[in-house]
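Each residue of the sequence shown is one higher than the one before, starting from 1 at the first, in this note's numbering. Backbone N, C-alpha and C define an ideal beta-carbon position, used for all residues, glycine too.
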Amino acid sequence: MSLLDRITVNAQQCGGRPCIRGMRIRVSDILDLLGQGVTEAEILADYPDLERGDIQAALLYAARYVNHPRLSA
């Protein structure tokens, strides 16, 4: 499985914004937390359904699609 396979986009979920593995946790939510200085360990503790690879996938998605309109909150 590629890291980007963890990112899903569903028009019926979260307004079509990229999410983590079909959950209602948006890529932008993860990026916002990281941008605020929240550590990976803290994010994983607060979101027990997340895996380390999900955070890595969010970062990779942002790096590749930073100007993508659906990444915006």
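Where do the N-terminal and C-terminal ends of the alpha helix (DSSP H) with residue i fall, by residue?
i          : result
residue 35 : 27–35
residue 52 : 52–65
residue 45 : 40–46
If we count the other Cβ atoms within 10 Å of its Cβ and call it buried at 16 or more, is residue i buried or exposed?
i          : result
residue 27 : buried
residue 4  : exposed
residue 18 : buried
Identify which residue in the options has its Cα closest to the Cα of residue i.
i          : options           : result
residue 21 : 64, 63 and 2      : 2
residue 6  : 65, 40, 63 and 56 : 56
Measuring from the CB of residue i, is there a heavy atom of the ligand NAP at a distance below 7 Å?
i          : result
residue 45 : No copy of the ligand NAP occurs in the structure displayed, which carries no ligand at all.
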